[in-house]
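**Student:** Residue numbers (UniProt numbering): 1 to 264.
Put into structure tokens, the structure is as follows:
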């Protein structure tokens, strides 16, 4: 099932069948879960005059390859901002929650442009697209990723963090206009920043994820984007990190902050 077909299913029914190809270990990849929640939020808001401002996701429990139920509640609908909560249910329990704010543009005398500049990476054609390791999560096949700095996961690196280019793999995803649901699906595909420090294969998973949407998407699904992650702190089985996403022209699209559970 394509993402387009999945989004159509979300529009037609509260109960959705999760497609094949998105496993991350024994559970479903969190980015796909976040994308489903966001698609439900967009449908619930149903206001083209309001664009996504920010979203917070809490991954309460593991989501299995089975049907799920999505419920949405508008918490407040103001003139400028609408706040919506979406929950994903499986087997009668809440497994993930999204809280998102959508806002209309307003006149303001305050203008600040201190966005972090995009890194000057080599052209993606001059880099090697990472091959899917047999022990890597199944969901990685959905994307093309080219490391431009830092080390690969599980290479016993002395320092965390990395960056590079990525996009939806054209072999799996037809080209079309990219949506904010697609953004959620794509943005979370990079592994946690501490994974290069792992000395062996071991799990790590997002616990909470906050995303700030900066410049609106004007892109196609198969367009390349730049990504860079920075780990603030890691210890006692958790890490906290932030990451930036730019388009190929260097426009800052989104900023994320995550709390990650570390099993190494």
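For glycine and all other residues, C-beta sits at the position ideal for the given N, C-alpha and C. Just so we're clear, the structure is a prediction, and the values are computed from it rather than from any experiment.
Have a look at 232, 227, 237 and 263 and flag the residue whose alpha-carbon is nearest the alpha-carbon of residue 248.
**Tutor:** Among 232, 227, 237 and 263, the Cα nearest to that of residue 248 is on 227.
**Student:** In angstroms, rounded to a whole number, what distance separates the CA positions of residue 47 and residue 261?
**Tutor:** Cα to Cα, the separation comes out at about 36 Å.
**Student:** Quick one, which of 259, 252 and 2 has its alpha-carbon nearest residue 235's?
**Tutor:** When only C-alpha atoms are compared, the closest one is 259.
**Student:** Got a sec, what are the start and stop residues for the beta strand (DSSP E) residue 152 sits in?
**Tutor:** Neither: residue 152 is in no beta strand (DSSP E) and is coded neither H nor E.
**Student:** Alpha carbon to alpha carbon, what distance is there between residue 33 and residue 70?
**Tutor:** Cα to Cα, residue 70 sits roughly 10 Å from residue 33.
**Student:** Under 8 Å by Cβ, that's how I've got residue 196 and residue 238 pegged, so tell me the actual separation to the nearest angstrom.
**Tutor:** With a Cβ gap of about 17 Å, residue 196 and residue 238 do not count as contacting.
**Student:** Could you name the residues of the same chain whose beta carbon sits closer than 6 Å to that of residue 157, not counting the 5 residues immediately before and after it, in chain order?
**Tutor:** The residues are 151, 196 and 197.
**Student:** Indicate whether residue 181 and residue 39 have their beta-carbon atoms separated by less than 8 Å.
**Tutor:** Contact flag set, yes.
**Student:** In three-state terms, what does DSSP make of residue 197?
**Tutor:** In the structure shown, residue 197 sits in a helix (DSSP, three-state: H, G or I).
**Student:** Across the region 106-126 and the region 45-65, are there enough close Cβ pairs to call them in contact, namely three or more that are closer than 8 Å?
**Tutor:** In short, these stretches do not touch, since the Cβ pair count stays below three.
**Student:** Below 8 Å between beta carbons: does that hold for residue 84 and residue 72?
**Tutor:** Yes.
**Student:** Whether or not the region 215-230 and the region 165-181 are in contact is what I'm after, with contact meaning three or more pairs of Cβ atoms, one per stretch, closer than 8 Å; do they touch?
**Tutor:** The region 165-181 is in contact with the region 215-230.
**Student:** For the beta strand (DSSP E) holding residue 226, just list the boundary residues, first then last.
**Tutor:** 225-235 is the span of the beta strand (DSSP E), which, as asked, contains residue 226.
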